[in-house]
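A.B. asks: Here's a structure for you.
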Amino acid sequence: VQPATKRQRQLPGKHVDNALDLVKFNSKKVTLKDQLVEKEKQMAEMQALLLSMQAQLTKTQKKLKFEKKKQKVDTPVMLIPKPAGQAGRLKEGGYNLQSAMGLEDDGTKYNELLGAVRITAIQHGIQPGDTMLSMHEETLAKVFKAVRLKYPELAKFKHDWATRDMIKQYVKNKRYSAIKPERERRRAEKAAKAEEASQRLASAAFVGLGNTGAASAGRAGGVEDDEDEDDEDGVDDNEANDDEADDDEDDEDDDDDDDDDDDDDHGDD
1 VQPATKRQRQ LPGKHVDNAL DLVKFNSKKV TLKDQLVEKE KQMAEMQALL LSMQAQLTKT
61 QKKLKFEKKK QKVDTPVMLI PKPAGQAGRL KEGGYNLQSA MGLEDDGTKY NELLGAVRIT
121 AIQHGIQPGD TMLSMHEETL AKVFKAVRLK YPELAKFKHD WATRDMIKQY VKNKRYSAIK
181 PERERRRAEK AAKAEEASQR LASAAFVGLG NTGAASAGRA GGVEDDEDED DEDGVDDNEA
241 NDDEADDDED DEDDDDDDDD DDDDDHGDD
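Numbering-wise, the sequence shown is residues 1 to 269 according to the UniProt record's numbering.
Structure (structure tokens):
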């Protein structure tokens, strides 16, 4: 008879996890205070890292600023000189301001600059009735500086000639608008005088033709008609002299009109 198989002894379940229980027993319990200390430590480390990065950024910015300043010294800015003549006087060898500024294809930008200069001039006390000669250079310098701060591209024009021309254009246009009714009245008077002179000339020419016919008949009729012809010729000479004086006056008026037309061109600058 074979002996019975010996059954292995089964240990209780709690004894299986003795090692795990030992770890739990030996582990330190983390309190809320410990968590706060750990968080503060992490924040301190991050703050130190941030300060280090800021210091490095500041150092880099200073280096770039120095290099930029050095580059400006090494390569001076080329300023655009003022063209010969005056703006708007093309017939007299002048120039077109918009083209001289390089904005012939950008009317929007040109008008924007005109508006900015006009507003800045008004803010600094420049009145529409002022002239360039009556303006103080100190006031103009303040206008130039204020406009350059808003539009740095205007600084490339030597001695601010472009800004000066825009101010001149503004006050001239305002002055022209103020005297325009008076100019139109003068032109109407000149036109009326010219029409009156033309009618007198036509009337004198007609009378002259009539006198020529009468003179021919007088020569055929006798000596008495010749005397009448002399009297009439004297009248014609006086009228001719009057007409010549009127012509001279009309020429002077025409010259004035030409001057007014020139002013109109400048007013549109």
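Even for Gly, the Cβ is constructed at its ideal location relative to N, Cα and C.
Using 8 Å as the threshold, is the C-beta distance between Ala162 and Leu154 below it?
C.D. replies: yes
A.B. asks: Any idea which residues DSSP pairs Tyr95 with across the strands?
C.D. replies: Ala87
A.B. asks: Taking just the CA atoms, how far does Ala191 sit from Tyr151?
C.D. replies: 47 Å
A.B. asks: In chain order, what residues of the same chain lie with their CB nearer than 8 Å to the CB of Gln123, ignoring the 5 residues before and after it?
C.D. replies: The answer, listed in chain order, is Ala146.
A.B. asks: By a C-beta neighbour count over all protein chains shown, 10 Å radius and 16 as the cutoff for buried, is Phe66 buried or exposed?
C.D. replies: exposed
A.B. asks: Asp243 to Lys82, Cα distance in whole Å?
C.D. replies: Residue placement at Asp243 cannot be trusted, given a pLDDT of 41 that sits under 50; the coordinates are not used to answer.
A.B. asks: Look at the alpha carbon of Gln199 and the alpha carbon of Lys193, and state the distance between them as a whole number of angstroms.
C.D. replies: Distance between the alpha carbons of Gln199 and Lys193: 10 Å.
A.B. asks: Counting along the chain, where does the alpha helix (DSSP H) carrying Thr108 start and finish?
C.D. replies: Counting along the chain, Thr108 sits inside the alpha helix (DSSP H) bounded by residues Gly107 to Gln123.
A.B. asks: Alpha carbon to alpha carbon, what distance is there between Asp105 and Val171?
C.D. replies: 25 Å
A.B. asks: What does the alpha-carbon distance come out to for the pair Gly115 and Gln169?
C.D. replies: 12 Å
A.B. asks: Name, in chain order, the residues that DSSP records as bridge partners for Phe157.
C.D. replies: Ile80
A.B. asks: Drop a sphere of 10 angstroms on the beta-carbon of residue 272, count the other beta-carbons inside from all chains shown, and report buried for 16 or more, exposed for fewer.
C.D. replies: For residue 272 there is no data in the structure shown, the boundaries of the chain being 1 and 269.
A.B. asks: I need the DSSP call for Pro128, collapsed to helix, strand or coil.
C.D. replies: In the structure shown, Pro128 adopts coil according to DSSP, grouped into three states.
A.B. asks: Report the rounded CA-to-CA distance for Leu50 versus His136, giving the unit in angstroms.
C.D. replies: Cα-Cα distance, rounded: 54 Å.
A.B. asks: Is Gln98 buried or exposed, if buried means 16 or more other CB atoms sit within 10 Å of its CB?
C.D. replies: buried
A.B. asks: Return the chain-ordered list of same chain residues with a C-beta closer than 8 Å to the C-beta of Asp34, the five sequence neighbours on each side being excluded.
C.D. replies: Take Asp34, set aside five residues on each side of it, and no residue of its chain has a beta-carbon closer than 8 Å to its own.
A.B. asks: Whole angstroms is fine: what's the gap from Thr58's alpha carbon to Lys68's?
C.D. replies: 15 Å
A.B. asks: When we look at the beta-carbon of Glu224 and count the other beta-carbons within 10 Å, is it buried (16 or more) or exposed?
C.D. replies: Reliability fails at Glu224, whose pLDDT of 44 lies under 50, so the model's placement of it is uncertain and the value that follows must be treated cautiously. Looking at its Cβ environment, which holds fewer than 16 other Cβ atoms inside 10 Å, Glu224 is exposed.
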